[in-house]
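*Asks:* Quick mapping for you: the protein sequence lines, in order, are chains A and B.
Throughout the first sequence, residue numbering follows my numbering, covering 1 to 196 in sequence.
Throughout the second sequence, residue numbering follows my numbering, covering 197 to 652 in sequence.
Structure in structure tokens, see below.
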Amino acid sequence: MKSPAEDPEPLRPHSYDGIQEYDKRLPNWWLFTLYGAIVYAIGYWVLFHQFEIGMEPGLAVEITMRENQQTATRNASILSDELLWKLSRDPQIVAAGKTTYDNMCASCHLPTLAGQIGPNLIDEFWLHGGHPLAVVRTINEGVVPKGMIAWASVLGQEKIKEVTAYILSYHREGEPVQQAPPWVPGQIAPPASAGH
Amino acid sequence: METPTLDSVTTIRDDGSRRMLHPADVRGRFTRWRAIFGWLLLAVYAGLPWIPVNGNPAVFLDVAHRQFHLFGLTFVMQDLWVAFFLISGVGFSLFYVTALLGRVWCGWACPQTVYLDVVRRIERLFEGDAMAQERLDRSAWTLEKTLRRGGKQFAFFLFSAALSHVFLCYYVSPAGLLAMMHGPPREHWGSFVFVFLMTGAMWFNFAWFREQFCIVLCPYGRLQSALIDNDSLVIGYDANRGEPRGRKGTAGAGDCVDCLRCVKVCPTGIDIRQGLQMECIGCAACIDACDEVMTKLDRPRGLVRYDSLHGFAGKVRRILRPRLILYTGLLLLGAAAMTYALSTLRPVTVSLTRVRGTPYVLAAEEVRNQFLLRILNKRNAPQTFTVTISDGPPTLRWSGTEGGVLVGPLGEEMRSIVVTTSREEGHGTFPLNVRVHSVEHRTVIETIVPFIGPGY
């Protein structure tokens with residue numbers, strides 16, 4: 001490349017629509033941005049790709065997400081009957097569960113839990129198992145043909161845990177559990193056998 | 197001084213280094229009006245966050261809480277789509293103004309121009325006029341030069357810092373900014389670094405970059421050749437009247453006495469007499485400069501003036517032309533669309549979805565459909581909603597929203613709604629008209645969902 005000093009009229013050879021261009025030097029500050037970008041790219045490459053001193057932002061997000069998922073799975077899998085019974089005596093958890101229950105469940109099971117469209121939740125008769133983990137499973141997976149939807153994707157594990165604790169707060173650990181006959185919607189619920 | 201040529205940019209030397217301009221002082225009607233207008237714009241910029249409207253600053257883009265307060269209206273993220281009309285409208289208005297008035301935005305209202313006017317005033321305060329500035333450039337580093345330069349840079353820094361803090365105000369409100377300024381930076385690193393970087397960038401702009409922004413970086417400047425035509429308002433030199441140049445009294449000479457005043461005052465270093473140029477930001481300094489000289493020479497003002505290219509060529513300037521009529525129509529259309537969009541914004545977002553699983557449940561004498569209702573309150577105060585379902589058969593009943601739904605400020609509530617009808621009436625599919633009524637705002641959101649029964 002000739003410097004402008006050697007050639008006072010550095011005209012480019014091409015001509016489009018009769019328009020020709022000079023070949024002037026770029027502003028130095030403009031070139032510095034180019035050199036700066038090259039230096040930055042080298043630094044980036046060394047940091048993230050060659051020696052992996054830093055973690056690539058996209059990868060960092062993925063790893064954090066996987067960690068969160070693992071934590072969530074761990075938290076969910078440590079659910080046990082004992083823990084759920086313990087939660088059912090925690091007033092804060094039970095109050096949170098009541099809010100969710102009143103908003104989402106009461107339309108079928110009534111605010112009194114005595115059942116109407118869906119079955120009674122406070123007597124000793126259970127349709128799908130009467131121990132705490134069975135209740136969690138029923139809420140999670142639902143009983144789709146009967147109209148009980150799978151709530152896992154709607155409520156999430158935390159809320160399902162709270163709702164279970166709320167239902168259990170009407171029961172006692174070790175109380176008798178009996179298999180219930182099929183529930184007929186709208187039937188008059190027998191008087192509650194257990195409660196607060 | 198070097199005379200500008202059309203071959204290259206005056207501010208970049210042949211070796212690529214920067215030539216700092218020292219535009220000379222100018223007085224005149226446009227300079228005065230631009231100064232008044234500039235201070236007004238700065239006052240508006242600094243003042244808007246301080247004016248409360250409906251309990252919030254007039255402009256408060258509360259990114260942290262995902263809500264945007266504009267002159268008393270509150271938008272939440274769900275309303276963000278109207279920003280399309282706002283941004284495209286601003287862009288199109290710029291097109292419109294350019295077709296009509298050329299680069300009047302650049303010369304009168306662009307923040308870069310308004311800020312640089314203040315910056316040049318500060319420079320004049322510390323270093324004197326253009327001649328003195330050039331002398332100072334060439335002089336050795338004495339105590340005086342150090343003090344003048346240091347004082348100027350410190351003033352630039354203060355100005356940059358003030359502008360950056362005002363900018364942050366738009367996002368955190370003045371009260372939020374005050375709280376941050378009283379707390380240690382580690383409690384708000386993001387904002388601290390942002391203001392730090394912005395102050396630095398502005399200081400660099402004021403101390404060194406200046407007109408390079410307009411000449412090289414600004415995309416609007418680059419679009420000029422496509423946006424203006426021969427009838428757009430531009431600043432230019434009346435060659436018919438001015439040429440040939442010559443001293444007063446020279447036989448056959450035009451009105452231009454080649455005093456170079458118009459070149460000396462130009463903030464981008466061009467010679468307006470070479471015609472319309474990309475670098476011209478339309479600041480009108482050359483008009484005032486030339487008018488002053490013409491007045492002294494007892495010649496009429498306006499050798500350099502606001503006019504159209506047609507006007508400078510001695511033809512008639514047409515204001516109404518197809519391009520402008522088309523632009524006006526499109527602008528009105530866009531304004532109408534935006535007005536309509538704003539008028540459809542509701543203080544609430546409602547979504548009603550069928551639950552996953554079976555479309556309907558048969559139980560004894562009944563058919564049931566289940567829905568999930570989500571209500572999002574987009575206002576800063578709690579709202580109560582009542583839900584009614586109509587258009588169904590007589591046996592239609594529903595449960596799930598007894599006693600209304602109370603949704604907290606900017607909160608979201610979900611309800612499970614069960615709709616039941618008898619087996620006889622629940623055949624096939626029929627529409628349900630669900631009305632969600634905000635008690636506080638008297639707004640009604642209507643949604644139609646189908647009820648699905650056997651044999652649909």
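We put the CB at the ideal spot given by N, CA and C, even for glycine.
None of the values given here were measured: they were computed from a predicted structure.
Closer than 8 Å is the cut-off here; do at least three beta carbon pairs connect the stretch 81 to 99 of chain A with the stretch 130 to 140 of chain A?
*Replies:* Flag = yes, the stretch 81 to 99 of chain A and the stretch 130 to 140 of chain A touch.
*Asks:* Does residue 28 (chain A) have its Cβ less than 8 Å from a Cβ in chain B?
*Replies:* Closer than 8 Å: yes.
*Asks:* Rounded to a whole number of angstroms, what is the C-alpha to C-alpha distance between residue 170 (chain A) and residue 618 (chain B)?
*Replies:* In a straight line, the C-alpha of residue 170 (chain A) is about 33 Å away from that of residue 618 (chain B).
*Asks:* If you follow the beta strand (DSSP E) that residue 566 (chain B) is in, where does it begin and where does it stop?
*Replies:* Here the beta strand (DSSP E) through residue 566 (chain B) covers 562 to 573.
*Asks:* Expressed to the nearest angstrom, what Euclidean distance is found between the alpha-carbon atoms of residue 437 (chain B) and residue 498 (chain B)?
*Replies:* Computed Cα separation, rounded: 10 Å.
*Asks:* Verify whether the separation of the beta carbon atoms of residue 124 (chain A) and residue 182 (chain A) is less than 8 Å.
*Replies:* Taking 8 Å as the Cβ cut-off, residue 124 (chain A) and residue 182 (chain A) do not qualify as a contacting pair.
*Asks:* What's the call for residue 51 (chain A), buried or exposed, on a 16-neighbour Cβ count within 10 Å?
*Replies:* By the neighbour-count rule (16 or more Cβ atoms within 10 Å), residue 51 (chain A) is not buried but exposed.
*Asks:* From residue 477 (chain B) to residue 400 (chain B), what distance separates their C-alpha atoms?
*Replies:* Distance between the alpha carbons of residue 477 (chain B) and residue 400 (chain B) is about 21 Å.
*Asks:* Looking at the structure shown, is residue 204 (chain B) part of a helix, part of a strand, or coil, going by DSSP?
*Replies:* Correct three-state label for residue 204 (chain B): coil.
*Asks:* Would you please verify whether the beta carbon of residue 403 (chain B) is less than 8 Å from any beta carbon of chain A?
*Replies:* It does not: the Cβ of residue 403 (chain B) has no partner Cβ on chain A nearer than 8 Å.
*Asks:* Grab me the residues of residue 2 (chain A)'s own chain with a C-beta within less than 6 Å of its C-beta, minus the 5 sequence neighbours each way, in chain order.
*Replies:* Note that residue 2 (chain A) scores 42 on pLDDT, short of 50, meaning its location in the model is unreliable and no value can be drawn from it.
*Asks:* Residues of the stretch 152 to 186 of chain A in Cβ contact with chain B at a cutoff of 8 Å, in chain order, please.
*Replies:* Result list: 153, 154, 184, 185 and 186.
*Asks:* Indicate the three-state DSSP secondary structure (helix, strand or coil) for residue 220 (chain A) in the structure shown.
*Replies:* Summary: the structure shown does not reach residue 220 (chain A), with chain A confined to residues 1 through 196, and so no result is reported for it.
*Asks:* Would DSSP call residue 552 (chain B) helix, strand or coil?
*Replies:* Reduced to three states, the DSSP call for residue 552 (chain B) is coil.
*Asks:* From which residue to which residue does the beta strand (DSSP E) around residue 603 (chain B) run?
*Replies:* Its beta strand (DSSP E) spans residues 601 to 603.
*Asks:* Return the bridge partner residues of residue 559 (chain B) from the DSSP annotation.
*Replies:* Its beta-bridge partners are B:562.
*Asks:* Determine whether the beta carbon atoms of residue 223 (chain B) and residue 488 (chain B) lie at a separation below 8 Å.
*Replies:* Their beta carbons are under 8 Å apart, which means residue 223 (chain B) touches residue 488 (chain B) by this criterion.
*Asks:* Would you give the residue range spanned by the alpha helix (DSSP H) that residue 229 (chain B) belongs to?
*Replies:* From DSSP, the alpha helix (DSSP H) with residue 229 (chain B) extends over 225 to 243.
*Asks:* For residue 150 (chain A), decide whether its Cβ has a neighbour in chain B, counting only Cβ atoms nearer than 8 Å.
*Replies:* Interface residue, yes.
*Asks:* Which residues, in chain order, does the stretch 584 to 601 of chain B contribute to contact with chain A at a C-beta distance below 9 Å?
*Replies:* Of all residues in the stretch 584 to 601 of chain B, 594, 595, 596, 597, 598 and 601 have a Cβ within less than 9 Å of some Cβ in chain A.
*Asks:* Quick check on DSSP: helix, strand or coil for residue 101 (chain A)?
*Replies:* Residue state, collapsed to three classes: helix.
*Asks:* Helix, strand or coil, according to DSSP, for residue 576 (chain B) in the structure here?
*Replies:* In the structure shown, residue 576 (chain B) sits in coil (DSSP, three-state: anything other than H, G, I, E or B).
*Asks:* Can you check which of these residues, B:602, B:606 and B:590, is closest to residue 615 (chain B) by C-alpha distance?
*Replies:* The residue with the shortest Cα to Cα distance from residue 615 (chain B) is B:590.
*Asks:* Determine the DSSP secondary structure at residue 20 (chain A), reduced to helix, strand or coil.
*Replies:* Residue 20 (chain A): coil per DSSP, three-state reduction.
*Asks:* What residues match up with residue 432 (chain B) in a beta bridge as DSSP calls it?
*Replies:* Its beta-bridge partners are B:501.
*Asks:* Which residue marks the beginning of the beta strand (DSSP E) containing residue 263 (chain B), and which one marks its end?
*Replies:* Per DSSP, residue 263 (chain B) belongs to the beta strand (DSSP E) from 263 to 266.
*Asks:* Determine which residues of the stretch 555 to 583 of chain B have a Cβ less than 7 Å from any Cβ of chain A, and write them out in chain order.
*Replies:* Listed by position along the chain: 557, 559, 560, 562, 564, 566 and 568.
*Asks:* Verify the CB distance criterion: does residue 258 (chain B) have a CB-CB separation below 8 Å to chain A?
*Replies:* It does not; no Cβ of chain A falls within 8 Å.
*Asks:* Quick one: what's residue 629 (chain B) bridged to in DSSP?
*Replies:* Looking at the DSSP assignment, residue 629 (chain B) forms a beta bridge with B:586 and B:644.
*Asks:* How about the stretch 628 to 640 of chain B and the stretch 538 to 550 of chain B: do they share at least three Cβ pairs that are nearer than 8 Å?
*Replies:* The stretch 628 to 640 of chain B is in contact with the stretch 538 to 550 of chain B.
*Asks:* Give, in chain order, every unbroken run of the alpha helix (DSSP H) that is at least 4 residues long and sits entirely within the stretch 439 to 517 of chain B.
*Replies:* Taking only runs of at least 4 residues, the alpha helix (DSSP H) segments lying wholly in the stretch 439 to 517 of chain B are 457 to 460, 481 to 492 and 505 to 508.
*Asks:* Is there a Cβ of chain A sitting closer than 8 Å to that of residue 552 (chain B), yes or no?
*Replies:* Judged by the 8 Å Cβ criterion, residue 552 (chain B) is in contact with chain A.
*Asks:* Does residue 540 (chain B) come out as helix, strand or coil in the three-state DSSP assignment?
*Replies:* Coil, per DSSP.
*Asks:* Buried or exposed: residue 14 (chain A), going by 16 or more other Cβ atoms within 10 Å of its Cβ?
*Replies:* Residue 14 (chain A) is exposed by the Cβ-count criterion.
*Asks:* In the stretch 86 to 100 of chain A, which residues sit with their C-beta less than 8 Å from some C-beta in chain B, listed in chain order?
*Replies:* So the list is empty, because no residue satisfies the distance condition.
*Asks:* Among the candidates B:212, B:600, B:219 and B:534, whose CA atom is the shortest distance from the CA of residue 320 (chain B)?
*Replies:* Ranking B:212, B:600, B:219 and B:534 by Cα distance to residue 320 (chain B) puts B:219 first.
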